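Peer 1:
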Amino acid sequence: MMATDGMNGLLVILLMSVVTLVTRFGGVWVMSIVPINPRFESFINTMSGSVLIAILVPVAVEGDTAARLALLATACVMLVMRKPMPAIAAGIAVAAGWRYLV
Amino acid sequence: MTTSVLAMPGLTLASIGKGFWRLLPLSLFVVVFGLAYGLAAVQTGLSPVQIVFMSFAVFAGTSQFAALELWGTQISLLPLLITTFAINARMLLMGASLYPWLKQVPTTQRYGSLLLMSDANWAMTLNDCQQGKPNLGMLVGGGLAIWVTWMVGTLLGMTFGNLIANPARFGLDMVMGCFMLSMVLGGRKSLRMVLAWFVAALTGWLAYVYLPENSHVVAGALGGGLVGLFWLEKKPAQQSEAANT
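Protein sequences, first through last, are from chains A and B. Position 3 of the first sequence, counted from 1, bears residue number 3 in my numbering, the numbering being contiguous throughout. Position 126 of the second sequence, counted from 1, bears residue number 228 in my numbering, the numbering being contiguous throughout.
Below, the structure is given as structure tokens:
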């Protein structure tokens, strides 16, 4: 565990940016030594969406009804329209609407 | 091999400018996402300097939202860094896909331009390269356009975030969750992908209930990744050919 106030928080963010930099540089750097293996590529491909799903698990399991309906609305609009902006707007509107009415 | 990899000209100011103006109209959407991040970061309790520094230095929206989800007065560093890596690991593949062209330019230009690599400017650069019009200015100029609009959005969101007293009333506490869900569902969907998400949700949930705090993210990432490790997608040989040239 690490504190996130002031300079400590900035240090945490700095470390995040170093990790991100590794991902920006890493692909080209590795390719200059050895071509990327298809199995590794497949692992990365399925992993990146899975992280986001895992982050959402507590929101979906422990959130209130408004939160769950918001995720549902975002999912539906996204699957139909394939555009993030309307999907996010729909989610927020549903959460706000539910909390206003109930 | 000589297939389709045309010479990549070096960087010029003119080509950077062209890339910038080409991506700027599209980048205006980035302002809205930056705004959402700024808003969410204020709600989470980050200081203004921290909020701006994260957009400035990390410059990778989805992982920034994820960091907010894990943020508290204390934070477990390792889960945060693994999460950041897992979310941004797709940039490893993005960079690798540009390698046949990037290897032709001097090292400083190669890695300097990668500093600004983001989804949209990468996609346009790769497209240009595959069309036989390789142009590093697209990556750099386009990246600058995204970076500038991301910063503007962050500052706007931070300002508005301080003005809204009860964000949950307006559903604004769901900005992060809805953003992340839309990013997942916007990707390519196949049975393999859906199975990975299902395994990720299941392992994530089990870890959330039975394992220490915040391990659910890493558990879900590994669970979903395992599906990819053992279920390889069949794809045309053309991609790997470009990689070998």
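Beta carbons: idealized from backbone N, C-alpha and C, even for Gly. Being a predicted model, the structure only gives us computed values, none of them experimental.
Can a CB atom of chain B be found closer than 8 Å to the CB of V80 (chain A)?
Peer 2: Mapped onto the first sequence, residue 80 (chain A) falls at position 80. No, no contact with chain B.
Peer 1: Quick one, which residues of the stretch 36-48 of chain A are near chain B if we go by CB-CB under 9 Å, in chain order?
Peer 2: Per Cβ criterion, the list reads I36, P38, R39, F40, E41, S42, F43, I44, N45, T46, M47 and S48.
Peer 1: Cβ of N190 (chain B) less than 8 Å from any chain E Cβ?
Peer 2: No chain E appears in the structure shown, which is made up of the protein chains A and B.
Peer 1: Name the chain B residues whose beta carbon is nearer than 8 Å to that of L10 (chain A)?
Peer 2: By one-based count along the first sequence, residue 10 (chain A) stands at place 10. Correct list: V151, Q152 and F155.
Peer 1: What are the start and end residues of each continuous beta strand (DSSP E) run of 3 or more residues lying completely inside the stretch 61-85 of chain A, in chain order?
Peer 2: Within the stretch 61-85 of chain A, no complete beta strand (DSSP E) run reaches 3 residues.
Peer 1: What are the boundary residues of the alpha helix (DSSP H) that includes R212 (chain B)?
Peer 2: Here residue 212 (chain B) is taken as the residue at index 110 of the second sequence, counted from 1. Note, R212 (chain B): alpha helix (DSSP H), T209 to L216.
Peer 1: List the residues of chain B that L101 (chain A) touches, going by C-beta distances under 7 Å, in chain order.
Peer 2: Your numbering for residue 101 (chain A) matches position 101 in the first sequence. Here the premise fails: no neighbours, minimum Cβ distance about 12 Å.
Peer 1: What are the boundary residues of the alpha helix (DSSP H) that K81 (chain B) is part of?
Peer 2: Past the edges of chain B, shown from 103 to 347, lies residue 81 (chain B), and the structure says nothing about it.
Peer 1: Would a check of beta-carbon distances place T104 (chain B) closer than 8 Å to chain A?
Peer 2: Taking the first residue of the second sequence as 1, we reach residue 104 (chain B) at position 2. Residue placement at T104 (chain B) is poorly supported in this model, since its pLDDT is 42, which falls under 50; the coordinates are not used for a value here.
Peer 1: Since G306 (chain B) and I53 (chain A) are thought to touch, with beta carbons under 8 Å apart, how far apart are those beta carbons, to the nearest angstrom?
Peer 2: Against the second sequence, residue 306 (chain B) aligns to sequence position 204. Against the first sequence, residue 53 (chain A) aligns to sequence position 53. Contact flag correct, Cβ pair sits at about 7 Å.
Peer 1: Step through the CB atoms of chain A and report whether any lies within less than 8 Å of the CB of T186 (chain B).
Peer 2: For this step, residue 186 (chain B) is matched to residue 84 along the second sequence. Closer than 8 Å: yes.
Peer 1: If you check the beta carbons only, do G279 (chain B) and I118 (chain B) fall under 8 Å apart?
Peer 2: Taking the first residue of the second sequence as position 1, residue 279 (chain B) is located at position 177. Taking the first residue of the second sequence as position 1, residue 118 (chain B) is located at position 16. Their beta carbons are not under 8 Å apart, which means G279 (chain B) does not touch I118 (chain B) by this criterion.
Peer 1: What would DSSP say about M1 (chain A), mapped onto helix, strand or coil?
Peer 2: Walking along the first sequence from the start, residue 1 (chain A) turns up at place 1. Looking at M1 (chain A) - three-state DSSP - the assignment turns out to be coil, as it is neither helix nor strand.
Peer 1: Does the separation of the CB atoms of G322 (chain B) and A302 (chain B) fall below 8 Å?
Peer 2: For the purposes of this step, residue 322 (chain B) is taken as residue 220 along the second sequence, with counting starting at 1. For the purposes of this step, residue 302 (chain B) is taken as residue 200 along the second sequence, with counting starting at 1. Going by C-beta atoms, G322 (chain B) is nearer than 8 Å to A302 (chain B).
Peer 1: Please state whether DSSP places I33 (chain A) in a helix, a strand or coil.
Peer 2: As a position in the first sequence, residue 33 (chain A) is number 33, starting the count at 1. DSSP places I33 (chain A) in coil when its eight states are reduced to three.
Peer 1: Got a sec: which bits of the stretch 259-282 of chain B sit with their beta carbon under 9 Å from any beta carbon on chain A, in order along the chain?
Peer 2: Answer in chain order: A270, R271, F272, G273, L274, D275, M276, V277, M278, G279, C280, F281 and M282.
Peer 1: Mind pulling the chain A residues with CB within less than 7 Å of G289 (chain B)?
Peer 2: Working through the second sequence from its first residue, we reach residue 289 (chain B) at position 187. The contacting residues are G49.
Peer 1: When the cut-off is 8 Å and only beta carbons count, does T164 (chain B) lie next to chain A?
Peer 2: Residue numbering aside, residue 164 (chain B) sits at position 62 when the second sequence is read from its first letter. With 8 Å as the cut-off, T164 (chain B) counts as an interface residue toward chain A.
Peer 1: Are the CB atoms of I248 (chain B) and L113 (chain B) nearer to each other than 8 Å?
Peer 2: Position 146 of the second sequence, counted from the first residue, corresponds to residue 248 (chain B). Position 11 of the second sequence, counted from the first residue, corresponds to residue 113 (chain B). Their beta carbons are not under 8 Å apart, which means I248 (chain B) does not touch L113 (chain B) by this criterion.
Peer 1: Which of helix, strand or coil does DSSP assign to Q152 (chain B)?
Peer 2: Position 50 of the second sequence, counting from 1, holds the residue named residue 152 (chain B). Of the three classes helix, strand and coil, the one that applies to Q152 (chain B) here is helix, per DSSP.
Peer 1: Between the stretch 194-206 of chain B and chain A, which residues of the former have CB atoms less than 8 Å from a CB of the latter, in chain order?
Peer 2: Within the stretch 194-206 of chain B, the qualifying residues are L194, L195, M196, G197, A198, S199, L200, Y201, L204 and K205.
Peer 1: Using a Cβ cut-off of 8 Å, pull out every chain A residue sitting near M219 (chain B), in sequence order please.
Peer 2: Numbered from its first residue, the second sequence carries residue 219 (chain B) at position 117. Ordered by position in chain A, the residues that pass the 8 Å Cβ test against M219 (chain B) are R24.
Peer 1: Just grab the DSSP bridge partners of Q176 (chain B) for me.
Peer 2: Here residue 176 (chain B) refers to the residue found at position 74 of the second sequence. A:A3.
Peer 1: Please find out if some non-hydrogen atom of the ligand PLP comes closer than 7 Å to the beta-carbon of N190 (chain B).
Peer 2: No copy of the ligand PLP appears in this structure; indeed no ligand is present at all.
Peer 1: Nearest to L21 (chain A) by CA position, among B:G136, B:N316, B:L265 and B:Y213, is which residue?
Peer 2: Within the first sequence, residue 21 (chain A) is the residue found at index 21, counting from 1. Measuring from the Cα of L21 (chain A), the nearest candidate turns out to be B:Y213.
Peer 1: Closest to C76 (chain A) by C-alpha separation, out of B:S292, B:L304, B:L283 and B:L141, would be which residue?
Peer 2: Counted from its first residue, the first sequence places residue 76 (chain A) at position 76. Answer by Cα proximity: B:L283.
Peer 1: Run through chain B and tell me which residues come within less than 7 Å of V59 (chain A), C-beta to C-beta.
Peer 2: As a first step, residue 59 (chain A) is located in the first sequence; it is residue number 59 there, counting from the start. Chain B residues near V59 (chain A): G279.
Peer 1: Hey, how far is the Cα of F155 (chain B) from the Cα of I13 (chain A)?
Peer 2: What you label residue 155 (chain B) is simply residue 53 of the second sequence in a count that begins at 1. What you label residue 13 (chain A) is simply residue 13 of the first sequence in a count that begins at 1. About 8 Å.
Peer 1: What's the call for G325 (chain B), buried or exposed, on a 16-neighbour Cβ count within 10 Å?
Peer 2: Here residue 325 (chain B) is taken as the residue at index 223 of the second sequence, counted from 1. With 16 or more other Cβ atoms within 10 Å, it is buried.
Peer 1: Pick out whichever of B:G245, B:V207 and B:S199 has its Cα sitting closest to the Cα of Q232 (chain B).
Peer 2: Here residue 232 (chain B) refers to the residue found at position 130 when the second sequence is read from its first residue. The option with the nearest alpha carbon to Q232 (chain B) is B:S199.
Peer 1: Taking R212 (chain B) as the query, report the chain A residues whose CB atoms sit under 8 Å from its CB, ordered along the chain.
Peer 2: Translated into positions along the second sequence, residue 212 (chain B) becomes position 110. What R212 (chain B) touches in chain A: V28.
Peer 1: Let me know the secondary structure DSSP gives E335 (chain B) once reduced to three states.
Peer 2: Mapped onto the second sequence, residue 335 (chain B) falls at position 233. Coil, per DSSP.
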